[in-house]
Each structure stands twice: as C-alpha cells, then as structure tokens.
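*Asks:* Would you mind keeping the following structure in view while I ask a few things?
Number of protein chains: 2
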Amino acid sequence: MIEAVRWSADGRGVRIIDQRALPGEYIERDLRTLDEVCDAIATLAVRGAPAIGVAGAMGLVASLDASTGLDASAFSGRLTANAARIRATRPTAVNLPWAIDRMLARAAGVRGTPLEILAALRDEATRILEEDRAMCRRIGEHGVGLLAPGARVLTHCNAGALATAGMGTALAPVYVAAERGAQVSVFADETRPLLQGSRLTAWELARAGIPVTVLTDGMAASLMHRGSIDLCIVGADRIAANGDFANKIGTYALAIVARHHGVPFYVAAPTSTIDTAVADGDAIVIEQRNADEVRRSFGHLIAPEEAAIYNPAFDVTPGELVTAFITDRGVVLPPYDFAAWGTHEA
Amino acid sequence: MIEAVRWSADGRGVRIIDQRALPGEYIERDLRTLDEVCDAIATLAVRGAPAIGVAGAMGLVASLDASTGLDASAFSGRLTANAARIRATRPTAVNLPWAIDRMLARAAGVRGTPLEILAALRDEATRILEEDRAMCRRIGEHGVGLLAPGARVLTHCNAGALATAGMGTALAPVYVAAERGAQVSVFADETRPLLQGSRLTAWELARAGIPVTVLTDGMAASLMHRGSIDLCIVGADRIAANGDFANKIGTYALAIVARHHGVPFYVAAPTSTIDTAVADGDAIVIEQRNADEVRRSFGHLIAPEEAAIYNPAFDVTPGELVTAFITDRGVVLPPYDFAAWGTHEA
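One line per chain: the protein sequences are R and D, in this order. All residue numbers for the first sequence refer to the numbering used here, where the first residue is 1 and numbers rise by one. All residue numbers for the second sequence refer to the numbering used here, where the first residue is 1 and numbers rise by one.
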C-alpha cells in the first residue's frame, strides 16, 4: 500500500506524495518548515480530510524542530502561532482543527523544556498517524460485508489511500475485499474541477491492480440507469450531529441520483470526521476556491474572462440520503444521532 | 447575433465558426469539399443538433459544386455517395439524417441537368437554413413566457446560437427575454468532457451581454439547494414519441436533481428533433466517443493509462422528468404523445 503521509527518513520532516503531479509524475516531498507545511495543505499537495489532519499534526512538529533553542515562553508562543496558521489553511474538514487541538492539549499537559514538549508532540503526532492507519483498516473491515462478490462500486473524488495515512476510507472496503480475493471493480467520477477521481483514485486503484473505470461527473446517472452500479461509497470532510455531511462538490448530486435509482449510498469516514458541535449541514462552513481552478484548466482558458465562476470546494448532503455510515466503530444505520457519541473518541 | 452556419462569401462553401478554438480564438472557416464537411461535423468544429442538420444540407451542396460537369448518372451516384457519407458522420441527432433525406427528396423531384439539380439543392439547403433561424425565434417567443423578470436559468452543454443557424433552442427564450429588457441570467454547466458549456455557452452569452456564471457539472444541485436556480432549459438531440429524449451526457442527472428540488425542467427543440419512428428512449442509439476525450484533456494525461474510460456522448432522460417541451409549435405539456404529430413538419 502506498503511504501518502509519513515521517521523512530522518524523522524530522513530513514525507508526502505530491498529489498535484499525479498521475503523470510520482514525486515524494519532505515538508520541513511552517511555510512548506501550510503551502502543501493549501495547494492540495497533500489533501483528503484524514490526511490533512495527520499532516497538520506532523507538520506542526516539523515546523518547531528548529525552535527548541528558544526559551519556554518564546517556544510556547511559536507553538501557538504555528498551530493557528496550520489550522487556518483549510476550513471545511474537521480533522485538521481536531488534530491541532489534540496536539495543543498534549503540549499543555507537559511541564518541561521545549525539547521535552517537542518530544511529546512528536509522540502525539505519531499516535495520530498510527490511529489513522488503524481506523482505515477498521473501516475497511466493517464495510467489506456490504460488497457482494463482483460488486461494482461508484465513488467520487478521492477518499482512498492518498487521502489518509492508511488504506483510505471510501476505498478501504474495496481494498479489504480485494485482499480477500473478491473480484470488485470501481467506477471513479473524475471530480471536477481538480480531478481527484481521475488523477488520484484511478491511479491508486490501478497501482493496486483493482479494475477501475473513469467517468465524467455527469455520467453516473447513465451507468445507474443501465444497472451497472451496485453501490456508492464516498468519504466525508465533516459530519454533523444529524448525519448531514460535507464532502467534495458533486457528492450531493450523486446521492440524489443514487436515491432515484435505488442504489445504496454509503459514507465511509473515521469518527474524527464527526463534529457534534455542528447540529446540521446548514452550519458547515463551505470553502470557496479560486475561480481559475474552473476557468483555467491545465493552462488553457476554458471559460471566457467575462463569465463569473461558481467554485465551492464542497457541498452538503442531507443524512436522509445516506443508506449507512461506515465508521471505524461499525456500520451506522439511520436515524442518525451522533450527538450522543461524544466527539472524536477513537 | 452570431451566425454559426451560413453560406460563404461566394455562396459556394459553408462558412462556420470553428467551435474547437473557442473561447480562446475566434476562427471562421469555409467548408468546400466532402472531406472538409465530414471532418468539421465529426470533430465538432460545427456541432449542435440543428446546426449539423443545416451544415450537412449546405455541405452536401458544397461537396457537389465541382461535380456538375459529370453526366447525369455519375452525378446522381456522387450525390448518393456524398449524402450517405455526411449522414454517417454522427449517429445520435435526428436532424442530420432528416436534413439529408429532405435534400435527397428534393433532388429526386428534379428532372434536369446536374446544374439544375444542384440549383434545386442549393435552394433547399437555403430553406433549411432559413427555417432553422425562424424556428429558433419561434422557440424563443414561445418560451419567453416561462421566464419571470430576473429569472435565473440553468442550462447544460450548448443549445445556443452556436448550435443552430439562428439564436439557438435552449437559449432562445433567454435571448428573446433579453431583447425585451428582462434582467435574466444564466448558469452554465461546463459540460465535460468537451466543455461546450464553459467554452461555448458562456462565450456566446458574454458576447451578447447576458450575465453568465460557469459551474462544473457536479455543482448544479448545490445551487438548487440554495434556491439560486428558477428553471432549467436544455436542448435535445433526438426526442422519442413518448417524450424520452437524448441530449448531452449529464442532462439526465440534471433532470433528476431538478425534480428533487422542485425546479422546473424544460426541453427546447425544433420539431425536426422529434423522431416518431422511435417509440421510447431505449431505442435511441447513443454515440460512444473516444476515451482520450476524457483521459487526455488539453494535452495533459488526467487519468492513468491503466484505467478504463466510459465516454458516451449522450444520455436519455425519460419524458416524465420534463416539465414541458418548448417547440416552434408552442409549449407542450405532459402527457407526451408525439406519434400523432407527423414527423418533421415545420
């Protein structure tokens, strides 16, 4: 299995696969400074809600590596400032603030030198990394029972190994099924504007030897009408207490189309994606991204300068369109009431 | 108003706007040979169901311009062969075979020299051109009543002036409303893989001074949820007797999403698009296009070579999702039974 986020060889930086270059080029990159960490998250070199949580926590450690010579007060100020900046790089996924908050809480519990605090933070980030890997596998094991032999799974965006530190969320049941010899196949929405489906999902599945077919985002309904899709599995960037969830733009339309055809629609996500502080989808902040992601694709002008551009990164799908949530704690059926779960216990 | 298809300056070729170059470059091109006509239609230099009917008829004339020195039998053979080749360039839209059949019927009615037959064909092609312009305007006048002042119209692909010889089909009500001073605006799905929405619809509306916003195909549901869309209008490439219709891939998903939100969904098309020989949508042949339209966009590899590609040019939307058809004969409400209409009378 590929590793989208891990420690660099010397253990002091964050080694990522640069997802901007795929599928044409495979580039690994070490993030060592605050700027490098924030830039990698903001430009989607590392992306996917679980992966940016892990990369944010590990990146916080990397960004403080050169600051252990500071006095305790200055180090504490640096820690707070770096955490705030990493936290603000992307607004929608809950995993990033969740991971940063957990790091700050760990630091607050240490009475010691900057070096000792950094060691504790490194330990905490490693725990977050390892928990993410374990969570992915548990999601896969809970979800695999939903895939009959020969199942044809449609997914949107990339909620695979590239989006986590482990085997992914939406793709975890597929990887576990494949490990067990089931002949599953995947249909991947290309996922405009940034094409995470065609560039990333198709790449990692092909690399794993799992049959994958790419389609444009408007084609899923046609496949469902033909009876070519058995189920949908998507990831989530933030899940509200009532089961409404934010995910890559286009997810909501897919959920409506799946319901129209009676195709089961599953959301796979670790517990850390649930934000019980958010009652429902209306309260989820949606990141608006730059118009040029749509207007200029691949260096070409594809829409005239005079046209306005609508480019939200995410949409919100109501929980009533979700057949079940596949989490690390098990498969959760409706009605959804995550408020009682207690947030972010793994 | 732009003219997507007209006679060249000397009246012997077909002058088109080369739609492959938009929105970056505005190029007009004269088609004078059979190869040029077929290539322009097959590569979508001229596209849109009504426009390829008009261009096919006019192109047949252009392709015979150098053959009037042949004897009657050889000319007749050339006519039959050229008509068959133009007819076969694209399979889904009914307008192309309809226009070619009409040309052949006109030729069959002429007892005369090749020069006289060609003159009759030129006259027939000019009639088809002028009827198309008139039909567009009638569609606009019938449809404009559906647009309240300030209406926000969502459309898919390009069924505008660039898709016809006139002011378009889906966009005709928008142009007529704008002529009358109504402050309408348009949301244009970019329409992957060939981006006719962002490249063509946005370009022609911006050129006409009508506010237009481009979105990717997965974003329409998000806009509808926000209450930002008052109605959808799309074109059609072939309409079956029961109201099922083929249109650009992605139309079917849009119709489902519109129904889910209670947004009216209209189909604007000239009567020549109705194919009463086709009982329902299952009988409509769907053109499958090359995988590289999806895999290689703008010269970039956006999906790995190992991935399969699904790339139908069209999908079929059932008539029950259509609020009304806007035709040159008026607005047609359900239940749809076009069998009684008699095909292709304008």
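All C-beta atoms in this analysis are idealised placements derived from N, C-alpha and C, irrespective of residue type, glycine included.
The alpha helix (DSSP H) spanning F75(D) covers which residue range?
*Replies:* A72 to R87
*Asks:* Whose CA, out of L129(D), A279(D) and H225(D), lies closest to the CA of D337(D)?
*Replies:* A279(D)
*Asks:* What residues in its chain sit with their C-beta under 7 Å from that of S63(R), if we drop five residues either side in the sequence?
*Replies:* T33, L34, V37 and N82
*Asks:* Tell me, please, which residues DSSP counts as bridged to P312(R).
*Replies:* Q288(R)
*Asks:* Does the beta carbon of A221(D) sit closer than 8 Å to a beta carbon anywhere in chain R?
*Replies:* Chain R, which has a Cβ nearer than 8 Å to the Cβ of A221(D), makes this yes.
*Asks:* List the residues of chain D whose Cβ lies closer than 7 Å to the Cβ of A202(R), in chain order.
*Replies:* Annotation: Cβ neighbours of A202(R) in chain D (cutoff 7 Å, chain order): A303, P304 and A307.
*Asks:* Between the alpha carbons of T276(D) and D237(D), how many angstroms are there, rounded?
*Replies:* 13 Å
*Asks:* If you compare alpha carbons, which of D123(R), T155(R), A170(R) and A125(R) is closest to R137(R)?
*Replies:* The residue with the shortest Cα to Cα distance from R137(R) is A170(R).
*Asks:* Kindly indicate the opening and closing residues of the alpha helix (DSSP H) around S222(D).
*Replies:* S222(D) -> alpha helix (DSSP H) spans A220 to H225.
*Asks:* Give, in chain order, every residue of the region 151-185 of chain D whose Cβ lies closer than 7 Å to some Cβ of chain R.
*Replies:* none
*Asks:* Name, please, each residue of chain R whose Cβ falls closer than 7 Å to the Cβ of P91(D).
*Replies:* Per Cβ cutoff of 7 Å: no residues; P91(D) is ~17 Å from chain R at best.
*Asks:* Using 8 Å as the limit for Cβ to Cβ distance, is E130(D) near chain R?
*Replies:* no
*Asks:* Excluding sequence positions up to five away, which residues of its chain have a Cβ less than 8 Å from the Cβ of V110(D)?
*Replies:* E116, I117 and A120
*Asks:* According to DSSP, what are the bridge partners of V214(D)?
*Replies:* I309(R) and A188(D)
*Asks:* With DSSP run on the structure shown, which of helix, strand or coil describes L104(D)?
*Replies:* helix
*Asks:* Hey, could you find the ends of the alpha helix (DSSP H) T323(D) is sitting in?
*Replies:* Run containing T323(D): none; DSSP gives neither H nor E here.
*Asks:* Does the Cβ-Cβ distance between A4(D) and A51(D) come in under 8 Å?
*Replies:* yes
*Asks:* Can you look up V46(R) in the DSSP assignment and give me helix, strand or coil?
*Replies:* coil
*Asks:* Counting only C-beta atoms, is L347(D) closer than 8 Å to chain R at any point?
*Replies:* Limits of chain D in this structure are 1 at one end and 346 at the other, which puts residue 347(D) out of reach.
*Asks:* Against chain D, with Cβ distances strictly below 8 Å, would R127(R) count as a contact?
*Replies:* no
*Asks:* For the region 63-90 of chain D, list every residue whose C-beta sits within 7 Å of some C-beta in chain R, in sequence order.
*Replies:* none
*Asks:* If you follow the beta strand (DSSP E) that V110(D) is part of, which residue opens it and which one closes it?
*Replies:* No beta strand (DSSP E) contains V110(D), which DSSP labels as neither H nor E.
*Asks:* Return the chain-ordered list of same chain residues with a C-beta closer than 6 Å to the C-beta of P23(D), the five sequence neighbours on each side being excluded.
*Replies:* Setting aside the 5 residues that flank it on each side, P23(D) is surrounded in the same chain by R199 and W203, each with a C-beta closer than 6 Å to its C-beta; the list follows chain order.
*Asks:* Between P264(D) and T327(D), which are expected to be in contact by the criterion C-beta below 8 Å, what is the C-beta distance as a whole number of angstroms?
*Replies:* Wrong, their Cβ atoms sit about 16 Å apart, outside the cutoff.
*Asks:* Is DSSP giving L301(R) helix, strand or coil here?
*Replies:* If DSSP states are grouped into helix, strand and coil, L301(R) belongs with the strands.
*Asks:* For R192(R), which residues of its own chain have a beta-carbon under 7 Å away from its beta-carbon, when the five flanking residues on both sides are left out?
*Replies:* D217
*Asks:* Just to confirm my understanding: we take S28(D), look at its own chain, exclude 5 residues before and 5 after, and list those with CB closer than 8 Å. What are they?
*Replies:* A quick correction: the sequence has Glu, not Ser, at residue 28(D). The answer, listed in chain order, is R15, I16, I17 and D18.
*Asks:* Would you kindly work out how many angstroms separate the C-alpha atoms of G209(R) and Y175(R), rounded to a whole number?
*Replies:* 10 Å
*Asks:* Quick one, which of E320(R), L254(R), A177(R) and E306(R) has its alpha-carbon nearest D189(R)'s?
*Replies:* L254(R)
*Asks:* Alpha helix (DSSP H) containing W203(R): first to last residue?
*Replies:* A202 to R207
*Asks:* What are the complete alpha helix (DSSP H) segments, minimum 4 residues, inside the region 148-191 of chain D?
*Replies:* 172-179
*Asks:* In chain order, what residues of the same chain lie with their CB nearer than 7 Å to the CB of S228(R), ignoring the 5 residues before and after it?
*Replies:* Only R152 meet the Cβ criterion.
*Asks:* Should S73(D) be labelled buried (16 or more other beta-carbon atoms within 10 Å of its own) or exposed?
*Replies:* An exposed status is given to S73(D), since fewer than 16 other beta-carbon atoms sit within 10 Å of its beta-carbon.
*Asks:* Counting only beta-carbon atoms, is Y26(D) nearer than 8 Å to chain R?
*Replies:* no
*Asks:* Please compile the residues from chain R whose C-beta is within a distance smaller than 9 Å of the C-beta of G250(D).
*Replies:* Residues of chain R passing the Cβ test: T216, D217, G218, M219, A221 and S222.
*Asks:* Could you tell me the distance, in whole angstroms, from the CA atom of S76(D) to the CA atom of S272(D)?
*Replies:* In a straight line, the C-alpha of S76(D) is about 26 Å away from that of S272(D).
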